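If you read the sequences in order, they're chains L, F and R.
Heads up: the first sequence begins at 89 in this note's numbering, then just goes up one per residue.
Heads up: the second sequence begins at 200 in this note's numbering, then just goes up one per residue.
Heads up: the third sequence begins at 507 in this note's numbering, then just goes up one per residue.
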Amino acid sequence: MIIKVENLVKRYDGHTALDGLDFGVEAGDVFAFLGPNGAGKTTTIRILTAIIRADSGSVLIGGHDVFKEPAEVKKIINALPESSGYYEWMTGREYLGFFSDLYEGKTSTQDIRALLEAVGLHGKEDHLISSYSRGMKQRLGIARSLINRPKLLFLDEPTNGLDPIGRRDIHDLLIDLNRKHGTTIFLSTHLLDDVNRLCNRIAIINYGKIVRTGELEKMKGKGTIDDIFFTSTEGGTL
Amino acid sequence: MIKSILTAFVIFLATTVNCSTVFAAGRVAVSIDPPSVQANMGDKITYAGAITNNSDKAVNNLIAYISLANVTPGKEAPMDLEDWSANKAVKVDVIPPHGAYEGKWPMRLIDSGSYVAYITVVDKESAAPVTSPVSRLDIKRILRLNPNNVLPTAIGEPVIIGAVFLFIYLKRRNKAI
Amino acid sequence: MKTAYIMRKEIRESVLTSKGFLWYILTSVILSVLSYLFLTNSELSLLDQGQMLYMIMNFVTALGILIGVVSGSDAIAGEIERGTLEALLLSPASKTEIAAGKLAAALMNWCIIFVISIPYLFVVGKGGQNLLSGIVYLAVLGTLLAVIFSAFSMGLSARIKSMKNSLIVSFLIFLLAGSPIFLSAALRTTWFGRVLDLVNPFADAINTFDSVVVDSQGFSYQTGRIAIICGYAFLSLLFLKRSVSRLEM
Numbered sequence: 089m090i091i092k093v094e095n096l097v098k099r100y101d102g103h104t105a106l107d108g109l110d111f112g113v114e115a116g117d118v119f120a121f122l123g124p125n126g127a128g129k130t131t132t133i134r135i136l137t138a139i140i141r142a143d144s145g146s147v148l149i150g151g152h153d154v155f156k157e158p159a160e161v162k163k164i165i166n167a168l169p170e171s172s173g174y175y176e177w178m179t180g181r182e183y184l185g186f187f188s189d190l191y192e193g194k195t196s197t198q199d200i201r202a203l204l205e206a207v208g209l210h211g212k213e214d215h216l217i218s219s220y221s222r223g224m225k226q227r228l229g230i231a232r233s234l235i236n237r238p239k240l241l242f243l244d245e246p247t248n249g250l251d252p253i254g255r256r257d258i259h260d261l262l263i264d265l266n267r268k269h270g271t272t273i274f275l276s277t278h279l280l281d282d283v284n285r286l287c288n289r290i291a292i293i294n295y296g297k298i299v300r301t302g303e304l305e306k307m308k309g310k311g312t313i314d315d316i317f318f319t320s321t322e323g324g325t326l
Numbered sequence: 200m201i202k203s204i205l206t207a208f209v210i211f212l213a214t215t216v217n218c219s220t221v222f223a224a225g226r227v228a229v230s231i232d233p234p235s236v237q238a239n240m241g242d243k244i245t246y247a248g249a250i251t252n253n254s255d256k257a258v259n260n261l262i263a264y265i266s267l268a269n270v271t272p273g274k275e276a277p278m279d280l281e282d283w284s285a286n287k288a289v290k291v292d293v294i295p296p297h298g299a300y301e302g303k304w305p306m307r308l309i310d311s312g313s314y315v316a317y318i319t320v321v322d323k324e325s326a327a328p329v330t331s332p333v334s335r336l337d338i339k340r341i342l343r344l345n346p347n348n349v350l351p352t353a354i355g356e357p358v359i360i361g362a363v364f365l366f367i368y369l370k371r372r373n374k375a376i
Numbered sequence: 507m508k509t510a511y512i513m514r515k516e517i518r519e520s521v522l523t524s525k526g527f528l529w530y531i532l533t534s535v536i537l538s539v540l541s542y543l544f545l546t547n548s549e550l551s552l553l554d555q556g557q558m559l560y561m562i563m564n565f566v567t568a569l570g571i572l573i574g575v576v577s578g579s580d581a582i583a584g585e586i587e588r589g590t591l592e593a594l595l596l597s598p599a600s601k602t603e604i605a606a607g608k609l610a611a612a613l614m615n616w617c618i619i620f621v622i623s624i625p626y627l628f629v630v631g632k633g634g635q636n637l638l639s640g641i642v643y644l645a646v647l648g649t650l651l652a653v654i655f656s657a658f659s660m661g662l663s664a665r666i667k668s669m670k671n672s673l674i675v676s677f678l679i680f681l682l683a684g685s686p687i688f689l690s691a692a693l694r695t696t697w698f699g700r701v702l703d704l705v706n707p708f709a710d711a712i713n714t715f716d717s718v719v720v721d722s723q724g725f726s727y728q729t730g731r732i733a734i735i736c737g738y739a740f741l742s743l744l745f746l747k748r749s750v751s752r753l754e755m
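Structural data, given as structure tokens:
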């Protein structure tokens, strides 16, 4: 199991964001993490990626304790946050170069070019990020999250705000990543089409607790993904 | 008769008193050198003041100070020497009988115009201070455009930094789509 | 090493964007105007050379502090507001390494301001006394003040997480630090004025410049004030470390 979460609790100013969260993700999964707004999806990802600390509970990523060995965890994971900003004054190539410098196994110039090509930014790598469209920035964010060839990739609403073509390209990229490189993908999304196309397992979070988890194909026997979501969250909005 | 005698006595007394004032004032004299100066703004000049004791007794504890008055037409005013001179007044402990003391008053010429400088000596034994003749001082305005060779730095540095910025900006702008 | 990469990124941001360059141009223009005024204006030009040098040194220090306050306030809160900090926190660089890189970049900005000021110091102080010792003291004390104000603003920006608010607070503190200079000379010689001057690192630096450049006093006269400035630098670094270690998105 690449992610093992037990009894995770996080409180903000008296409000309980995560209330004893328990779930696990197997290596190689494309895991959908669904829940209404404010259910605790982003907080969960931030704890799992060692950006914030939990009040209690335990998280093992690839066998490493997130709270005790954050540096080890960061070597094998990466993430694309929901509202990711970019250094607009950099070019795409400079942006990836900067992040690759921060890792021990520095990515070569050729690898950076290949990465930019893989996300569809070929020919734009030497242009300023300020001139990129939203979709291009999202692709660059994905390229950045692949810079250390992570075993586990967290994506928070990766196709948010993209047009259908842009979404399809990202889907293809993620499928390719999962199938060819075996990268485990932890996908937080509110787009059920993303879930249908990409994921093999899902977990639904509501009020800081996992209310449903399992294999997508098995769940589909009990209704559409929309039905499963609405019955699990008592009509909560995605 | 008595009236005439009294009048003569009063005149004698008055004359005696007057004679002593004149004597007291007359026992010290002061001169200023040079008698006239023509210089430029920013120049440094030095006035010399010679205080002489004309009496047969030593004079003690004299105070001598220099004054400057602006006599430029329309700007007539006494000057505050705050910025002009660091040593405006001197105390002379003693001048022997028929001796002299020479004081120096260095001055930086702060502003242009016509001035008179004079030295005043205060003798506590005298009823009135003694003042030197005035020395005329004409200060010409000069426009120093590049003192200390400041212009190459003052203009050059912002221009160089601006040019580097422009170069980088234009180079980076080409990277925009 | 990660610290060096973060510092390089910050410096490139300063140099490649108008953010830093405007400061550099502004600094050179202000120093050009001041130097020219000092040397040509009829009244000011008759100031003692050492006095002019001292005044330029004060301006350079104030500009260095100001740029430290602005870059410090932007360092953490600015990245949070622009949504770029999360990606940085996801990298293997620790929070301390990130803060150290940003602080080093803020100090590099001060160094650039200092380098820009050197030709002006030479032009204004030419022929006067204590020019070289003045420049050395400016380099050392200016760097310490840049550390104090940059680290404090950065720590504040990590705690408040709002660039605007941390900038306002830091700027107010900068004004407070500068306020004793506006006190009358008479008030500054009272015991209250002296204590106020002594506990204020900015006033300590300026009084040291005065003592070194104008009054030609040696190092032994400066040790007390320099020790106080060093103390503030240590405290501000401690404040930054604690603030950053508590940082949460």
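Yeah, the Cβ is synthetic: ideal placement off N, Cα and C, and Gly gets one too.
None of these values were measured; they are calculated from a predicted model.
In angstroms, rounded to a whole number, what distance separates the CA positions of residue i and residue j?
i                           : j                           : result
proline 357 (chain F)       : valine 535 (chain R)        : 6 Å
proline 233 (chain F)       : glutamine 635 (chain R)     : 31 Å
lysine 268 (chain L)        : leucine 234 (chain L)       : 14 Å
asparagine 236 (chain L)    : glycine 270 (chain L)       : 14 Å
aspartate 199 (chain L)     : leucine 184 (chain L)       : 10 Å
alanine 645 (chain R)       : aspartate 716 (chain R)     : 15 Å
phenylalanine 366 (chain F) : phenylalanine 527 (chain R) : 12 Å
serine 656 (chain R)        : lysine 156 (chain L)        : 31 Å
lysine 525 (chain R)        : threonine 130 (chain L)     : 32 Å
glycine 123 (chain L)       : alanine 105 (chain L)       : 13 Å
phenylalanine 222 (chain F) : methionine 306 (chain F)    : The pLDDT assigned to phenylalanine 222 (chain F) is 35, lower than 50, so where the model puts this residue is not dependable; a value taken from the coordinates is nonetheless given after this. Their Cα atoms are separated by approximately 33 Å.
glutamate 519 (chain R)     : leucine 609 (chain R)       : 14 Å
glycine 311 (chain L)       : threonine 137 (chain L)     : 33 Å
Quick check on the DSSP output: the beta strand (DSSP E) that includes residue i runs from which residue to which?
i                        : result
serine 146 (chain L)     : 144-149
leucine 261 (chain F)    : 258-269
aspartate 337 (chain F)  : 334-339
asparagine 237 (chain F) : Sequence check: residue 237 (chain F) is glutamine here, not asparagine. From DSSP, the beta strand (DSSP E) with glutamine 237 (chain F) extends over 235-239.
arginine 300 (chain L)   : 297-303
How is residue i classed by DSSP in three states: helix, strand or coil?
i                           : result
alanine 612 (chain R)       : helix
arginine 99 (chain L)       : strand
aspartate 107 (chain L)     : strand
glutamate 94 (chain L)      : strand
serine 218 (chain L)        : helix
tyrosine 174 (chain L)      : coil
phenylalanine 222 (chain F) : The predicted position of phenylalanine 222 (chain F) is uncertain, since its pLDDT is 35 and thus under 50; a value taken from the coordinates is nonetheless stated next. Three-state DSSP puts phenylalanine 222 (chain F) in a helix.
asparagine 252 (chain F)    : strand
tryptophan 304 (chain F)    : strand
valine 207 (chain L)        : coil
tyrosine 317 (chain F)      : strand
isoleucine 316 (chain L)    : helix
valine 209 (chain F)        : Because valine 209 (chain F) carries a pLDDT of 42, less than 50, the predicted location of this residue cannot be relied on, and no value is offered for it.
asparagine 217 (chain F)    : Any reading at asparagine 217 (chain F) must be qualified, since the residue scores a pLDDT of 39, below 50, and its modelled position is unreliable; no value is offered.
Report the neighbours of residue i on chain F: residues whose CB is nearer than 7 Å to its CB, in chain order.
i                       : result
aspartate 107 (chain L) : Simply none; closest approach about 47 Å.
aspartate 214 (chain L) : Lys374
So which residues on chain R does residue i lean against when the C-beta distance must stay under 9 Å?
i                     : result
alanine 238 (chain F) : Result: empty, since nearest Cβ-Cβ is about 14 Å, beyond 9 Å.
Do residue j and residue i have their beta-carbon atoms positioned less than 7 Å apart in this structure?
i                       : j                       : result
alanine 664 (chain R)   : valine 750 (chain R)    : yes
tyrosine 560 (chain R)  : valine 675 (chain R)    : no
glycine 173 (chain L)   : threonine 590 (chain R) : yes
glycine 296 (chain L)   : glycine 128 (chain L)   : yes
tyrosine 542 (chain R)  : leucine 190 (chain L)   : no
isoleucine 90 (chain L) : leucine 240 (chain L)   : yes
leucine 286 (chain L)   : valine 113 (chain L)    : no
Mind pulling the chain R residues with CB within less than 7 Å of residue i?
i                           : result
proline 252 (chain L)       : Chain R residues near proline 252 (chain L): none, gap ~25 Å exceeds 7 Å.
phenylalanine 366 (chain F) : Those do not exist, as phenylalanine 366 (chain F) stays about 11 Å from chain R at its closest Cβ, beyond 7 Å.
Would you kindly report the start and end of the unbroken alpha helix (DSSP H) that includes residue i?
i                       : result
alanine 510 (chain R)   : 508-522
aspartate 232 (chain F) : Element bounds for aspartate 232 (chain F): not the alpha helix (DSSP H) but the beta strand (DSSP E), 227-232.
arginine 700 (chain R)  : 697-705
valine 349 (chain F)    : 349-372
lysine 268 (chain L)    : 252-269
List the residues of chain R whose Cβ lies closer than 8 Å to the Cβ of residue i, in chain order.
i                      : result
arginine 232 (chain L) : Ala593
How would you list, in chain order, the residues of chain F whose beta-carbon sits under 8 Å from the beta-carbon of residue i?
i                       : result
threonine 179 (chain L) : Lys374
Applying a beta-carbon distance threshold of less than 9 Å, which residues of chain F neighbour residue i?
i                           : result
phenylalanine 527 (chain R) : Ile360, Gly361, Val363, Phe364, Ile367 and Tyr368
Residue i touches chain L at which residues, Cβ-Cβ below 9 Å?
i                    : result
lysine 632 (chain R) : Ordered by position in chain L, no residue passes the 9 Å Cβ test against lysine 632 (chain R), which lies about 39 Å from the chain.
For a contact meaning CB atoms closer than 7 Å, what does residue i contact in chain L?
i                    : result
serine 742 (chain R) : Those do not exist, as serine 742 (chain R) stays about 25 Å from chain L at its closest Cβ, beyond 7 Å.
Just the chain L side, please: which residues come within less than 8 Å of residue i by C-beta, in chain order?
i                        : result
methionine 755 (chain R) : Arg134, Ile139 and Ile140
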